[in-house]
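A.B. asks: Quick one: the structure is below, and I'll ask about it shortly.
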Amino acid sequence: MTRNGTSIEAAHATVRQLIAEKLSYLVPMAVIFMVGYIGLTILAGFAKDLMGTKVIGSVNLGFVLIAFNYLMSWVLAIIYGRIAAGKFDPLATRAALEVAGRGN
Amino acid sequence: MSLTLAIFTVILLITLGITYWAAKRTSTTADFYAADSQLTAAQNGFALAGDWCSAAAFLGFTGLTALFGMDGAFYALGPLVAFCTVLFLIAEPMRNTGRYTLGDIIRSRMQTRASLLAAIVGTVVVNFAYLMPQMAGAGALVRLLTGISYDWAVIFVGVSMIIYVAFGGMLATTWVQIVKAVLMLSAGAIILVMVLSLVHFNPLTLFADAEQKYGAKYLLPGNYLKIPFDQISLGLGYVLGLAGLPHVMTRFYTVPDARTARRSVVWVMFLAGSFFAGTTLFGLAAANFVGQDAIRVADKGGNLTLPLLAQYLGGGKGTFGGDLMLGFVAAVAVATILAVVSALTLSTSGAIAHDFYVNWVKRGQVDGRQEVWIARVAAVVIGVLAIALGILAQGVNVAVLVILAICVAASANFPVLILSLFWRRFNTGGVVGGMTVGLSSSVVLAMIGPAMRGADALWPLVNPTVVSLPLGFLGAVLGTLMWGRDAENEQRFDAFLLQVHTGVTPK
Numbered sequence: 399m400t401r402n403g404t405s406i407e408a409a410h411a412t413v414r415q416l417i418a419e420k421l422s423y424l425v426p427m428a429v430i431f432m433v434g435y436i437g438l439t440i441l442a443g444f445a446k447d448l449m450g451t452k453v454i455g456s457v458n459l460g461f462v463l464i465a466f467n468y469l470m471s472w473v474l475a476i477i478y479g480r481i482a483a484g485k486f487d488p489l490a491t492r493a494a495l496e497v498a499g500r501g502n
Numbered sequence: 003m004s005l006t007l008a009i010f011t012v013i014l015l016i017t018l019g020i021t022y023w024a025a026k027r028t029s030t031t032a033d034f035y036a037a038d039s040q041l042t043a044a045q046n047g048f049a050l051a052g053d054w055c056s057a058a059a060f061l062g063f064t065g066l067t068a069l070f071g072m073d074g075a076f077y078a079l080g081p082l083v084a085f086c087t088v089l090f091l092i093a094e095p096m097r098n099t100g101r102y103t104l105g106d107i108i109r110s111r112m113q114t115r116a117s118l119l120a121a122i123v124g125t126v127v128v129n130f131a132y133l134m135p136q137m138a139g140a141g142a143l144v145r146l147l148t149g150i151s152y153d154w155a156v157i158f159v160g161v162s163m164i165i166y167v168a169f170g171g172m173l174a175t176t177w178v179q180i181v182k183a184v185l186m187l188s189a190g191a192i193i194l195v196m197v198l199s200l201v202h203f204n205p206l207t208l209f210a211d212a213e214q215k216y217g218a219k220y221l222l223p224g225n226y227l228k229i230p231f232d233q234i235s236l237g238l239g240y241v242l243g244l245a246g247l248p249h250v251m252t253r254f255y256t257v258p259d260a261r262t263a264r265r266s267v268v269w270v271m272f273l274a275g276s277f278f279a280g281t282t283l284f285g286l287a288a289a290n291f292v293g294q295d296a297i298r299v300a301d302k303g304g305n306l307t308l309p310l311l312a313q314y315l316g317g318g319k320g321t322f323g324g325d326l327m328l329g330f331v332a333a334v335a336v337a338t339i340l341a342v343v344s345a346l347t348l349s350t351s352g353a354i355a356h357d358f359y360v361n362w363v364k365r366g367q368v369d370g371r372q373e374v375w376i377a378r379v380a381a382v383v384i385g386v387l388a389i390a391l392g393i394l395a396q397g398v399n400v401a402v403l404v405i406l407a408i409c410v411a412a413s414a415n416f417p418v419l420i421l422s423l424f425w426r427r428f429n430t431g432g433v434v435g436g437m438t439v440g441l442s443s444s445v446v447l448a449m450i451g452p453a454m455r456g457a458d459a460l461w462p463l464v465n466p467t468v469v470s471l472p473l474g475f476l477g478a479v480l481g482t483l484m485w486g487r488d489a490e491n492e493q494r495f496d497a498f499l500l501q502v503h504t505g506v507t508p509k
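Residue numbers (our numbering), protein chains in the order written: chain S, 399 to 502; chain E, 3 to 509.
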């Protein structure tokens, strides 16, 4: 019973570590996509002329930023997948083992 | 017309065959609601793409771009960015914590009846607000494409959806979505190649031609969303609201673990995202080749833009190639609606049968065999109700309901879900407060806004999310504080966190 109690405590500690780890990556990533996308909508609402600045041929800054948002979402998704597999999954597995009482 | 019907009949026969196959494999509640959690990441990714792209996405984005330029591209971009929210915050915790519904998560966090009821209300309101315009859209679209009358079109769509869900449960719904996603992506790929071949594979030409034909203003923002705050509100509604749609959350229960849930989101981001990006080019191409006037003549809202573009690419009106392409795209549009309404019906039957009847009324005292039966009955009842509402909705302005669905999802479901997953002190009072304030502010603001009242609007924004979302969070926080400290709930939070982040339930 005592051993089980301590391994649960260990699992909770691991989960806290996992959450801290998640926050350290997810907060900056969430800030990036919120600034990227909501920023785009603010520019579209309040800076129409700027958005109309020609960049390549008839393609204006607005469409370039839209294309950038597509790329940003895809790149963030791939980065998140890698970080999750490399950093989060091992911690989650460790916590699960600790709950089972086999963690050390 | 007859080609459309022929192609659609083939699609219908395939989906009914799938339903027959799925029905034989659906016997437990886990089968019915979650396809026994046995799907792969790719299967769920395709199904999510099928789920995500309603007719509004398949037909609407292209039409908006063709008629209003850049604003259409904004509409198309939103759902992809929204998947970042789903990937970072929703997919894995959903898989780890719940079984079949949003109500499951709230219930396992709060363990109170009031909070479960709040989650049921949030699910049912969002799903019906989403289902009704889909049914009305289906009626109008099928009539336009095949010549069948509106009422019969709604009945036809409703009956097909009931058959898929009641007999085949989640397995049939999933495969209907996968078939639809494959068809939709193939149609998109074919159209893209044909469009690009017309401009010698230089997409910049599409922009230059459009500018020449309609002026530089066409490529600027604000042609559709004229009030700046509407742009921002739309953006917020998208990135947070789509993460609060119950029928999308449910999809994460169909995979075995969090890792697969995560990978399925990456799949859908590439599948659906590519299609969305394509719609912007299709819209420009349609404006150039078909012309805005011809698009408006066919349908004022531009909903027939993509079929018309397909017809043009196939060789034009009256040619076999043109009719074939038109028929194909039109049939895919109908399949699109079928897949989405099936998912909505299944998710609503989860809220009614599993959350409300079994867990709220019966307090969980129902055996599995009986629960499946109840779920099937619920699906039939919801389907019949959806048919009735769809028929009543003819000629009624349903645009306000679409806005309402997204707005309530963002302002009520999203705050409650996020705070449940991340805030230790969050309690039953917070769930009820967030749901009540988020829901009522969305409904009131949408009702007095321009989508409902047109020029007599008492409130300027079409989409009220920019105001109702902060109100929803405020309601959740105030409700939590007024409810007072709930020591037992806070103590349980460690065990809940363990489950959210690892999928393990400590015993």
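Every residue, glycine too, gets a C-beta built ideally from N, C-alpha and C. Given the structure is predicted, the values throughout are model-derived calculations rather than measurements.
#1: Say whether chain E places a C-beta atom closer than 9 Å to the C-beta of residue 479 (chain S).
#2: Looking at the C-beta of residue 443 (chain S), does it have a partner C-beta in chain E at a distance below 9 Å?
#3: Taking C-beta pairs closer than 7 Å, name the residues in chain S that residue 111 (chain E) reaches, listed in chain order.
#4: So who's on the other strand from residue 452 (chain S), going by DSSP bridges?
#5: How would you list, in chain order, the residues of chain E whose beta-carbon sits under 9 Å from the beta-carbon of residue 428 (chain S)?
#6: Can you check whether the C-beta of residue 45 (chain E) is within less than 9 Å of a C-beta belonging to chain S?
#7: In whole angstroms, what separates the C-alpha of residue 327 (chain E) from that of residue 288 (chain E)?
#8: Does the distance from the C-beta atom of residue 168 (chain E) to that of residue 381 (chain E) stay below 9 Å?
#9: By the DSSP assignment, the alpha helix (DSSP H) with residue 217 (chain E) in it spans what residues?
#10: Going by beta carbon distance, what residues of the same chain come within less than 7 Å of residue 471 (chain E), once the five residues before and after it are set aside?
#11: For residue 502 (chain S), which residues of its own chain have a beta-carbon under 7 Å away from its beta-carbon, when the five flanking residues on both sides are left out?
#12: Taking only the alpha-carbon atoms, compute the straight-line gap between residue 188 (chain E) and residue 71 (chain E) and give it to the nearest angstrom.
#13: Interface residues of chain S around residue 75 (chain E) at Cβ under 9 Å?
#14: Could you give the residue range of the alpha helix (DSSP H) that holds residue 261 (chain E)?
#15: Under DSSP, the alpha helix (DSSP H) around residue 86 (chain E) begins and ends at which residues?
#16: Going along chain E, which residues have a C-beta under 7 Å from residue 474 (chain S)?
#17: Throw me the rounded Cβ distance for the residue 456 (chain S) and residue 209 (chain E) pair, which I believe falls under 8 Å.
#18: Any Cβ of chain E within less than 9 Å of the Cβ of residue 484 (chain S)?
#19: Report yes or no: is there a C-beta of chain E within less than 9 Å of the C-beta of residue 422 (chain S)?
#20: What distance in whole Å lies between the Cβ atoms of residue 93 (chain E) and residue 267 (chain E), which are believed to be in contact at a cut-off of 8 Å?
#21: Determine, for residue 409 (chain S), whether the minimum Cβ-Cβ distance to residues of chain E falls below 9 Å.
#22: When we look at the beta-carbon of residue 349 (chain E) and count the other beta-carbons within 10 Å, is it buried (16 or more) or exposed?
#23: Just the C-alpha distance for residue 300 (chain E) and residue 147 (chain E), rounded to the nearest angstrom, thanks.
#24: Could you say which of E:277, E:305 and E:314 lies nearest to residue 291 (chain E) if we only look at CA atoms?
C.D. replies: The relevant details are as follows:
#1: For the purposes of this step, residue 479 (chain S) is taken as residue 81 along the first sequence, with counting starting at 1. Any Cβ of chain E closer than 9 Å to the Cβ of residue 479 (chain S) would place that residue at the interface, and such an atom is present.
#2: As a first step, residue 443 (chain S) is located in the first sequence; it is residue number 45 there, counting from the start. Yes - at least one Cβ of chain E is within 9 Å of the one on residue 443 (chain S).
#3: Your numbering for residue 111 (chain E) matches position 109 in the second sequence. Within chain S, no residue comes near residue 111 (chain E); the closest Cβ sits about 15 Å away, beyond 7 Å.
#4: Translated into positions along the first sequence, residue 452 (chain S) becomes position 54. Beta-bridge pairing links residue 452 (chain S) to S:458.
#5: Indexing the first sequence from 1 puts residue 428 (chain S) at position 30. Chain E residues near residue 428 (chain S): 86, 87, 90 and 91.
#6: Residue 45 (chain E) sits at position 43 when you count from the first residue of the second sequence. Residue 45 (chain E) does not count as touching chain S.
#7: In the second sequence, counting from the first residue as 1, residue 327 (chain E) sits at position 325. In the second sequence, counting from the first residue as 1, residue 288 (chain E) sits at position 286. Cα-Cα distance, rounded: 14 Å.
#8: Taking the first residue of the second sequence as position 1, residue 168 (chain E) is located at position 166. Taking the first residue of the second sequence as position 1, residue 381 (chain E) is located at position 379. Yes, these two residues count as a Cβ contact at 9 Å.
#9: Along the second sequence, one-based indexing puts residue 217 (chain E) at 215. That residue, residue 217 (chain E), is in no alpha helix (DSSP H); it is neither H nor E in DSSP.
#10: Looking up residue 471 (chain E) in the second sequence gives position 469. Excluding positions up to five away in sequence, the list reads 238, 242, 412 and 413.
#11: By one-based count along the first sequence, residue 502 (chain S) stands at place 104. Because the pLDDT of residue 502 (chain S) is 49, which lies under 50, any placement of that residue in the model is unreliable, and the question is left without a value.
#12: As a working note, residue 188 (chain E) is residue 186 in the second sequence. As a working note, residue 71 (chain E) is residue 69 in the second sequence. Straight-line Cα distance between these residues: approximately 24 Å.
#13: In the second sequence, the residue the question calls residue 75 (chain E) occupies position 73. By Cβ distance, chain S contributes 460, 461 and 464.
#14: Along the second sequence, read from residue 1 onward, the residue named residue 261 (chain E) stands at position 259. Per DSSP, residue 261 (chain E) belongs to the alpha helix (DSSP H) from 260-291.
#15: The residue given as residue 86 (chain E) occupies position 84 in the second sequence. For residue 86 (chain E), the enclosing alpha helix (DSSP H) begins and ends at 72-87.
#16: Indexing the first sequence from 1 puts residue 474 (chain S) at position 76. Under the 7 Å cutoff, chain E gives 86.
#17: Position 58 of the first sequence holds residue 456 (chain S). Position 207 of the second sequence holds residue 209 (chain E). Contact holds; Cβ gap of about 4 Å.
#18: Working through the first sequence from its first residue, we reach residue 484 (chain S) at position 86. So no, residue 484 (chain S) is outside the interface.
#19: The residue given as residue 422 (chain S) occupies position 24 in the first sequence. For residue 422 (chain S), the answer is no, since every Cβ of chain E falls outside 9 Å of its Cβ.
#20: For the purposes of this step, residue 267 (chain E) is identified with residue 265 of the second sequence, where counting begins at 1. For the purposes of this step, residue 93 (chain E) is identified with residue 91 of the second sequence, where counting begins at 1. Contact holds; Cβ gap of about 5 Å.
#21: Sequence index remark: in the first sequence, residue 409 (chain S) carries index 11 (1-based). For residue 409 (chain S), the answer is yes, since a Cβ of chain E falls inside 9 Å of its Cβ.
#22: Position 347 of the second sequence, counted from the start, is the residue given in the question as residue 349 (chain E). Classification for residue 349 (chain E): buried.
#23: As a working note, residue 300 (chain E) is residue 298 in the second sequence. As a working note, residue 147 (chain E) is residue 145 in the second sequence. Answer to the nearest angstrom: the Cα atoms are 11 Å apart.
#24: Taking the second sequence and counting its residues from 1, one reaches residue 291 (chain E) at position 289. That would be E:314, whose Cα lies nearest to the Cα of residue 291 (chain E).
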